[in-house]
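S.K.: Supplied in structure tokens, the structure appears directly below.
In this note's numbering, the protein residues as written are 1381 to 1912.
Printed below as a string of structure tokens:
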């Protein structure tokens, strides 16, 4: 694969706060702790050491959560990494995401590989420390409509289930119908059969989406020592009790985040909307907001209501019933992990920056935040089409109409351009106006008006020439439009739409190896990988 790196700004797909962060702009400085460079790591370690991470609880929970994978994958590296978390010189490099069905859009793969590669880089650069890649699975997310489908080969495959509540807790039995549907789409050849077998093993032999997702990811990444941690765990939630208590009874985050937003929105658009209580109540098949009304803590869309003493008793007895929302989930994560770096997408980076003051107030170390790698993967047929159409890799981010204009100008630019004729006309009119002025100064306006009409007529004629050329180049224009549609479905980045299976079916494990060879989040560049 040929690698091309371009600036994130040049793609046009990343927000102003993200670009300012990457470019270290002055306006964004109040919202992050460390410049996203390898030289910041030692300072992040020093600050992390100031926080009493409960390493024993973390390692014990991970051992329990990984008990079922022993003997199923090459797990030696995984359990070595779990054991190493008991040591004070071990730190985590983390990414986080919900357990989307069949891993959802491509970018989850890019998140994981960015995290693995960064930990490898840090282990090489700082041999006195050990860095462990972590995928924090947001299994408590209940946005089923966002998580229950994939896009594959131009089709939308949706899991229609009546189950409610945390997506990671949902039972997987009914997925057999969707996997059978996928089997018909993929066909009968060897790679397709292997893929279907893998999906059935992971999603039908495990009881829940969270367990199935863990098994599916470990099939590809167990040998890399990746640790998958599920935050939906009573022993981890015990560590979160002090923050949850302050949130329930003092609403600490609402005030702090709003103060941060006031400063942030002077220059940027916010993507975070704090609630007065940024916790959900999680039980069985419900995950609903907790609201305070007249000294009662109510669970929205239910009949449940608690006094202060009842709510406090519930928190201390059953902390697993309290689920942080987008505001407090990062806080929970950083309380649990000895984390020095967090990798996320553009939206994640933006909302994490708005949490810095909350972390400071709670005396929880704010990690170095890095933009995970973004990738555009160009298969050989598309790469060949680009060569034929004279489209360079960075030009793919231009709108289709701009690419079409560029192509037509390159093919017939001199033939359709009337620029020289306009210049000649202007020269003639300049001479005519000089003559008119000698005779009668008042005629100048009439001559200028005629000049405008004639230039406008030439412009219209040039557009007719362009349209005629477009008609002549109709096949090439359709190819440009088709190329843009394939690489940017629905005008989105490829990584936000297509499921990884479309590439895995074709390239097998080589797909992952190419990504591991080419992704480096410290480069701070958008990656284009083209098959030659």
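Virtual Cβ for every residue (Gly too), placed ideally from N, Cα, C.
1) Extract the residue ranges of the alpha helix (DSSP H) inside the stretch 1569 to 1622, only unbroken runs of 4 or more that lie entirely within it.
2) Rounded to whole angstroms, what's the CA-CA distance from residue 1477 to residue 1458? Just pull it up for me.
3) Please tell me whether residue 1654 and residue 1632 are closer than 8 Å, where the distance is taken between their beta carbons.
4) Please determine, among 1547, 1719 and 1501, the residue with the shortest C-alpha to C-alpha distance to residue 1432.
5) Over what stretch of residues does the alpha helix (DSSP H) that includes residue 1822 continue unbroken?
6) List in chain order: all unbroken alpha helix (DSSP H) runs of 4+ residues lying wholly within the stretch 1716 to 1763.
7) Leaving out the 5 sequence neighbours to the left and right, which residues in its chain are closer than 8 Å to residue 1902 when beta-carbon positions are compared?
8) Taking only three categories from DSSP, how would you classify residue 1650?
9) Which class does residue 1679 belong to by DSSP, given the choice of helix, strand or coil?
10) Between the stretch 1502 to 1519 and the stretch 1469 to 1476, do at least 3 Cβ pairs fall closer than 8 Å?
11) Alpha carbon to alpha carbon, how far is residue 1383 from residue 1424? Give it in angstroms, no decimals.
12) Is the stretch 1735 to 1753 touching the stretch 1438 to 1447, taking contact as three or more C-beta pairs under 8 Å?
13) From residue 1683 to residue 1661, what does the alpha carbon distance come to, in whole angstroms?
14) If you measure between the beta carbons of residue 1915 and residue 1481, is that distance less than 8 Å?
15) Tell me whether the beta-carbon of residue 1602 lies closer than 8 Å to the beta-carbon of residue 1455.
16) Beta-carbon within less than 7 Å of residue 1726's beta-carbon, same chain only, minus the 5 sequence neighbours each way: which residues are those?
17) Compare the Cα-Cα distances from residue 1915 to each of 1571, 1507 and 1722 and report the closest residue.
18) Evaluate the contact criterion for the stretch 1537 to 1550 versus the stretch 1670 to 1684: three or more CB pairs, one atom per stretch, below 8 Å.
19) Since residue 1905 and residue 1387 should fall inside the 8 Å C-beta cutoff, what is the C-beta to C-beta distance between them, to a whole number of angstroms?
20) Does DSSP classify residue 1635 as helix, strand or coil?
21) Tell me where the beta strand (DSSP E) around residue 1909 begins and ends.
22) Rounded to the nearest angstrom, what separates residue 1644 and residue 1729 at their Cα positions?
23) According to DSSP, simplified to helix, strand and coil, what is residue 1446?
24) Nearest CA to the CA of residue 1774: which residue from 1546, 1669, 1867 and 1400?
25) In whole angstroms, what is the alpha-carbon distance linking residue 1724 and residue 1879?
M.R.: In short, the structure shows the following:
1) Qualifying alpha helix (DSSP H) stretches, in chain order: 1570 to 1584 and 1589 to 1601.
2) Reading the chain shown from its first residue, position 97 is the one you call residue 1477. Reading the chain shown from its first residue, position 78 is the one you call residue 1458. Pairing residue 1477 with residue 1458, the inter-Cα distance amounts to about 20 Å.
3) As a working mapping, residue 1654 is identified with position 274 in the chain shown. As a working mapping, residue 1632 is identified with position 252 in the chain shown. Not in contact: residue 1654 and residue 1632 (Cβ atoms no closer than 8 Å).
4) Your numbering for residue 1432 matches position 52 in the chain shown. It is 1719.
5) Position 442 of the chain shown, counted from the first residue, corresponds to residue 1822. Unbroken run through residue 1822: none, as it is neither H nor E.
6) List check, alpha helix (DSSP H) in window: 1726 to 1733 and 1736 to 1742.
7) Within the chain shown, the letter at position 522 stands for residue 1902. Cβ-Cβ distances below 8 Å link residue 1902 to 1416, 1417, 1418, 1498, 1501 and 1750 in the same chain, with the five nearest sequence neighbours on each side left out; the list follows chain order.
8) In the chain shown, counting from the first residue as 1, residue 1650 sits at position 270. In the structure shown, residue 1650 sits in coil (DSSP, three-state: anything other than H, G, I, E or B).
9) Start at 1 with the first residue of the chain shown, and residue 1679 comes out as number 299. Residue state, collapsed to three classes: strand.
10) With the cut-off at 8 Å, the stretch 1502 to 1519 and the stretch 1469 to 1476 touch.
11) For the purposes of this step, residue 1424 is taken as residue 44 along the chain shown, with counting starting at 1. For the purposes of this step, residue 1383 is taken as residue 3 along the chain shown, with counting starting at 1. Distance between the alpha carbons of residue 1424 and residue 1383: 31 Å.
12) Flag = no, the stretch 1735 to 1753 and the stretch 1438 to 1447 do not touch.
13) Here residue 1683 is taken as the residue at index 303 of the chain shown, counted from 1. Here residue 1661 is taken as the residue at index 281 of the chain shown, counted from 1. The alpha-carbon atoms of residue 1683 and residue 1661 are separated by roughly 13 Å.
14) Residue 1915 cannot be examined here, being either before or after the span of the chain that is shown, 1381 to 1912.
15) Counting from one through the chain shown, the residue named residue 1602 turns up at place 222. Counting from one through the chain shown, the residue named residue 1455 turns up at place 75. Yes, these two residues count as a Cβ contact at 8 Å.
16) For this step, residue 1726 is matched to residue 346 along the chain shown. Take residue 1726, set aside five residues on each side of it, and the residues of its chain with a beta-carbon closer than 7 Å to its own are 1394, 1395, 1398 and 1751, in chain order.
17) The requested residue 1915 is not part of the displayed model; the chain covers only 1381 to 1912.
18) Verdict: no, contact absent.
19) Within the chain shown, the letter at position 525 stands for residue 1905. Within the chain shown, the letter at position 7 stands for residue 1387. The beta-carbon distance between residue 1905 and residue 1387, rounded to whole angstroms, is 6 Å. This is short enough to meet the 8 Å contact definition.
20) Indexing the chain shown from 1 puts residue 1635 at position 255. DSSP, read as helix, strand or coil, puts residue 1635 in helix.
21) Residue 1909 sits at position 529 when you count from the first residue of the chain shown. Its beta strand (DSSP E) spans residues 1906 to 1910.
22) As a position in the chain shown, residue 1644 is number 264, starting the count at 1. As a position in the chain shown, residue 1729 is number 349, starting the count at 1. Approximately 13 Å, taken between the alpha carbons.
23) Within the chain shown, the letter at position 66 stands for residue 1446. The answer is coil: DSSP assigns residue 1446 none of H, G, I, E or B.
24) On the chain shown, position 394 is the one that residue 1774 refers to. Residue 1867 is the option with its Cα nearest to residue 1774.
25) To locate residue 1724, count along the chain shown from 1; it is residue 344. To locate residue 1879, count along the chain shown from 1; it is residue 499. Going by the C-alpha atoms only, they are around 18 Å apart.
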